[in-house]
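Taking it in order: structure first as structure tokens, then the write-up.
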Amino acid sequence: MHLSKKRTGGLTTNRSLSMYLLLIPGLIFILVFHYLPMYGAVIAFKDYNIFAGSDPINAIFESEWVGLKYWEQLWVQAEFRRAFCNTLVISLMKIVIGFPVPIVLALLINEIRLTGYKRIIQTVLYLPHFMSWAVVGALFLSILGTTGPINAWLQSLGFEGVKFFMNERVFPWVLLVSALWKESGWNTIVYLAAITGVSPELYEAATVDGATRMQKMYYVTLPSIASTIMMMLILRLGSIMAAGFDQVLVMYNPTVYSTGDIIDTYVYRIGLGQLNFSMGTAVGLFNSIVSFVLVISSNLFCRKMFGRSIW
Amino acid sequence: MKQKISYQERVFQTVNALVFLALGLTTLLPFVNLLAKSFSSESAVLAGRVGLWPEGFQLGTYQYVLTEPQFRQSFVNSILVTLCGTALAMVLTCMVAYPLSRGWLRGRRLLILLFVFVMLFNGGMVPTYLLINGMHMLNTYWALILPSAFSVYNMILLKNFFEELPESVEESARLDGAGNMTILLKIILPMSLPAIATIGLFYAVGYWNNYMGGVLYITDPQYKPLQQYLYELVTESQRIQEGMITGDYNMDRDSMNATPDAIRAATIMLSSVPIMLVYPFLQKYFVKGLVIGSVKG
Amino acid sequence: MRKMKRLMAMLLAGMLMMAGCSGESGESSLSSAGETQSSQVSQASGSSAESTEVNPADAPTLKWLSYYASFDPNSEYAAGLLEELTGYKVEYHLLPSENAEQRLSLEISSGNHYDVMKLTYTQYAMLAGQGALLPLNSYLDENPGIQANTDPKGWYTVTQQSGDILGVPEVGLVQLFNALGFRKDLFDQYGWELPNTVDEFYQLLVDIKTETGKIPLTGNQAIQPTVFSGFGLDTYAFEINDGKVQSYLRNPGVREYLTFMNKLYNEGLIDPDWPVNKGENVDQKMSTGDAVMTNMSWSSTPNWTRALQETVPEASFESILPLTDSNGVKHINPNSGTAIGSVMCIPKGAEENAPYVMDMIEKRLEKDVYWQFNAGTEGVHYNLEDGVPVPIQPKYAEDMTNGNYFQTSVNYFEHPITWMSRVAKDELLYDAWYDMNLKSLDYDYIYDPFFFSNFEEYEKYNASLSQKANDYFMQVIAGTESIDSYDSFLESWEQAGGLEYEAGAQEWYDSNPEIIELALASEPAYKSVFGK
């Protein structure tokens, strides 16, 4: 920063000016498509009836203020508090266990020497990303059902069968494993792209020092993609409240509500048949605040600790 | 790199290859099963007798799906929207990511925060709908393209890639009198092909899989995107299937139009294969050494 | 199809008789109902051939919005046909399957223009409650054919307290769609008896389990209707006891039912995957022969039979009626789904084209037109065999599959006959339909007293409260919850809106007892056809 300031003032301004010009289309875009519609968030504090005014915007003004009514309504429900905890638990499982998986996969894929084989593996691993949860849910049910192959195998070994979809302790793991299976391959793409950016000179230097491939992976590749990993982690924390609505809705059932019901599915159930824009907005706003706090603080943490961050 | 491969490394290579073979099979087999179903007779699919090879082979399912007017129309819509949308989104994203990747830009942090904020907060469905409605874009391709023509998430990824590039090349170009645009087009972009390919893939897949755009902004079936068509086809048949067992549905309205499972399988195949073909095509940009090589050359 | 021949000789005569009877009873009951309604309906049925002054040639293209469909109505055979037959050009728009109500309210509240809407009853009720719909009373007077050709009872569901009629309702046929399906071939082979009581049913499950090792009963519903009946329960939301309306949840039979189902589950007599099953899993278990019985719709029978016959050539399905309760009653509940299939309505602000819209609705209900887009053209899409339209394939499937989407209501007189083309298209389908409906006619059907009801609290709470009860039932059946918690469940159900829900039903009942009587006096649509 200091270095650039020491340069001639004219060059700096010129250089910056054209940079700001480049930003204009993007800024206009978020202004129009994101900031402008944000007035809509006030309906989280109103008893919004879309037909209350001459048009939906006018209806926002016409609707009555209710303050934090929707949050209070939710928090007094024990079922909601349980869903809140489940959301955090499932999300944290998916982050703590699920986040490193694509990194490890990317590092190992990178070690495959046969180029053709490597390409095929990459393509095959990301196939499940294109299946909807409806299809994936049915697949896991057929494998893990009481009459499925896994239970048949367990029973043939003399164990008792496991009701994967009806056991409240096992069910979160079913969610985790199916999510890993579906998305891990796809999530390697960013890391594989980052690995291609590692300078070959670093590898050559390591080779000269007599490093094995494993050592190169650990001492060269991993540090080189560290900033990408950090950035992905901060972004991932931003979606902590999204524990997987589509997935849970397809896979859960009333017997595993105690550990499988998340905020989104709970709000979906109580909102069935009711046209309540305000409730949805209130929950969305709550999720946004939680995510925002996490992203801001993790970014600050990374900047202080490692000197690198998103901003 | 012509050193002798040690025994240890050979073991590692073999084990590694085998592990991925196993992993690859777990993700490939379900797809093969879906493919086999799409070529199988309805009875075989219903009874769950289809494994990895079609039972009662027939092509009628594909013939049916491919002549279905709504499928064809939606297919064309999604291709059009994906191509135009990805192109537009890439231009916008590069224009934002490049300035924000330069550490010396004044107000950079504030600007990034301005973008990150909209990644986490939104005004909800009502105002966005009103905006699109106010711009007279309901029931147009624009409604499917514009709202997702810029993703902050992708921009941050791209910005991160740009930050990783060695600064020396850029500095020397600058000393030669190159401006920002020249540097972006002639140096940064060619050096970031893997990143561009990645982000391009994310946008393309995002557009292809976009289903909410149709739900929120389209009522004219002529503009219905493929994913919405597919989702509704699957929902409809599940609802009818469910209703047949619980009795909780109006038979008269649905008149037994449950979509056979084989048709669903064929539709899923046809809708996912085009976008899956994009990745192998992009893989040639993922070759190591390309980054430096392109600059040197 | 042999059965069909035998049966259908009487069809036309029977149909006319039935239509005559129902029309009469409908009218007489109506005169005792609200004044506004009775005057309109009797007026309408008096003059069905009156011509109106609107000319389709002057009409602009009419913009039609409806609930979702996976096909494009604009490219359907019926769309072109109807344009030719009625003279009205219609442009069809569709709501999405997800977020449909939100989307609809956005479209209408922001003033987007549609000339006519075909909505689900829930969607209609939402707009009606907001005063967003145009009263149709005067138009109905102008187009008397609409009321003359439709079920008079259905109109109660779209009439406001003010007397405003806000929509044209579509009432489905009263018939049995579901019953307990069983493997006839296995029953014959092992000599099992058809069960009548809960005890006999239990013994049957034990026998099936011990003798075959198969799953005796599969399914996925919290309320298994066959068993439910054995405990004196109907699958309806409300019961009336001495003028007091209460939820079925207060019937002590529910506890007994849940205890019984839990016992079956624990003893492995019903599918261990019961809470997890989706429709496709049940389908598969029946098609592979892994399970012996399930609640079956006659429309799923042909697929199961064909799939099974590839490995078990003699396989076939028949149906068992609901179990008899301790009072000797079988609770046969027809049409347990939504009473009203759909409602045609016009948003406020679309007055200009409303005369054309109503004329279009009326024209589509005319006998000839109705036949053409529901059954097709004789000799091309169907042949009349003893009065029944028997489809000519593949032409019928190509053109007529989605024909019912274009209905503006159900033609009360023609629908029972045109509709038969849908079951007559497949012999197995026809036999299953015939078997189920013929057997059931030996007993009195029990109708939903609130079949034609229309009150706000129902629309507001029904979906979420049903879900809540369903969830709890499933937990008790699978043993996650104990039946001892029933009282606390009921309490939380009351707090989640259950009390308002019941109060709303009570209030509606108190002010409309005659509509309840009318609903309870319904008749099976095909009673006369079956010669009962």
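Chains as they are written, first to last, in my numbering: chain A, 1 to 311; chain B, 312 to 608; chain C, 609 to 1140.
Positions of the beta carbon are idealized from the N, C-alpha and C atoms, including for glycine.
* **Rounded C-alpha distance that separates Ser907 (chain C) from Gln552 (chain B)** => 10 Å
* Identify, in the order they occur along the chain, each residue of the same chain with its Cβ nearer than 7 Å to the Cβ of Gln1114 (chain C), setting aside the five sequence neighbours on each side. => Val853
* Who are the Cβ neighbours of Val376 (chain B) in its own chain at under 7 Å, not counting the five residues just before and after it? -> Phe382, Ile574, Ala577, Thr578 and Leu581
* Beta-carbon proximity list for Glu183 (chain A), same chain, < 7 Å, skipping 5 on both sides -> His129
* What does DSSP give as the partner residues of Phe790 (chain C) in its beta bridges? -> C:Met901 and C:Glu926
* Taking only beta-carbon atoms, is Pro999 (chain C) less than 7 Å away from chain B? -> no
* **In chain order, each beta strand (DSSP E) run of at least 3 residues that lies wholly inside the region 849 to 901 of chain C** => 852 to 855
* Three-state secondary structure assigned by DSSP to Pro1135 (chain C) -> Contrary to the premise, residue 1135 (chain C) reads as Lys rather than Pro in this sequence. Correct three-state label for Lys1135 (chain C): coil.
* **Endpoints, alpha helix (DSSP H) assigned at Asn110 (chain A)** => Pro100 to Glu111
* Asked: Name the chain A residues that come within less than 9 Å of Leu714 (chain C), Cβ to Cβ?
  -> Ile50 and Pro56
* What in chain E is Cβ-close to Gln710 (chain C), meaning under 7 Å? -> Here chain E cannot be found, since the structure's protein chains are A, B and C.
* chain A contacts made by the region 325 to 341 of chain B, where a contact means CB separation under 9 Å -> Asn327, Ala328, Val330, Phe331, Leu332, Leu334, Gly335, Leu336, Thr337, Thr338, Leu339 and Pro341
* **Nearest-angstrom Cα separation, counted from Ser717 (chain C) out to Ala408 (chain B)** => 39 Å
* To do: Measure the alpha-carbon distance for Gln648 (chain C) versus Thr758 (chain C) and round it to whole angstroms.
  => Reliability fails at Gln648 (chain C), whose pLDDT of 41 lies under 50, so the model's placement of it is uncertain and no value is given.
* Taking 8 Å as the threshold, find out whether the region 170 to 185 of chain A comes into contact with the region 101 to 110 of chain A through three or more Cβ pairs. => yes
* Do we get a CB-CB distance below 7 Å when we pair Pro37 (chain A) with the residues of chain B? -> yes
* **Sequence ranges, alpha helix (DSSP H) only - wholly within the region 131 to 211 of chain A, length at least 4** => 133 to 144, 149 to 156, 171 to 196 and 200 to 208
* For Ile823 (chain C), write down the residues that DSSP places opposite it in a beta bridge. => C:Ala899
* To do: Look up Leu931 (chain C) in the DSSP assignment and say whether it is helix, strand or coil.
  => coil
* To do: Quick one: residues in its chain with C-beta nearer than 6 Å to the C-beta of Asp1079 (chain C), no 5 flanking neighbours on either side, listed in chain order?
  => none
* Asked: If we count Cβ pairs, one from each stretch, closer than 8 Å, do we get three or more for the region 868 to 883 of chain C versus the region 807 to 822 of chain C?
  -> yes
* Asked: When the Cα of Glu1064 (chain C) is compared with those of C:Ala756, C:Leu784, C:Asp749 and C:Thr765, which residue comes out closest?
  -> C:Thr765
* Grab the span of the beta strand (DSSP E) containing Glu699 (chain C) for me, first residue to last. => Val698 to Leu702
* Asked: For Ile229 (chain A), does the three-state DSSP call read helix, strand or coil?
  -> helix
* Asked: Which whole-angstrom value is the C-beta distance of Phe165 (chain A) and Val177 (chain A), which I expect to be below 8 Å?
  -> With 8 Å as the limit, Phe165 (chain A) and Val177 (chain A) do not qualify as a contact, their Cβ atoms being about 12 Å apart.
* **7 Å CB neighbourhood of Glu1110 (chain C) in its chain, flanking five on each side removed** => Val853, Gln854 and Ser855
* **Own chain, CB closer than 6 Å to Glu970 (chain C), minus 5 neighbours either side, in chain order** => Asn751, Gly753 and Ile754
* Neighbour-count burial assignment, Ser630 (chain C), 16 or more Cβ in a 10 Å radius -> Residue confidence for Ser630 (chain C) is low, a pLDDT of 42 falling below 50, so the modelled location carries little weight and cannot support an answer.
* Simplified DSSP assignment, three categories, for Asn287 (chain A) -> helix
* For Ala674 (chain C), which beta-bridge partners are listed by DSSP? -> Residue 674 (chain C) is actually Ser in this sequence, not Ala. The partner list for Ser674 (chain C) (beta bridge, DSSP) reads C:Leu702 and C:Lys726.
* Please state if the CB of Ser924 (chain C) and the CB of Phe785 (chain C) are separated by a distance shorter than 7 Å. => no
* alpha helix (DSSP H) containing Glu993 (chain C): first to last residue? -> No alpha helix (DSSP H) contains Glu993 (chain C), which is instead part of the beta strand (DSSP E) from Tyr990 to Glu993.
* **Completely contained alpha helix (DSSP H) runs for the region 40 to 111 of chain A, where each covers 4 or more residues** => 56 to 62, 69 to 75, 78 to 96 and 100 to 111
* **Buried versus exposed, by CB contacts within 10 Å (16 or more), Glu875 (chain C)** => exposed
* In three-state terms, what does DSSP make of Leu329 (chain B)? -> helix
* To do: On a CA-only basis, which of C:Leu1046, C:Asp723 and C:Lys761 is nearest Asn1120 (chain C)? Give me that one, please.
  => C:Lys761
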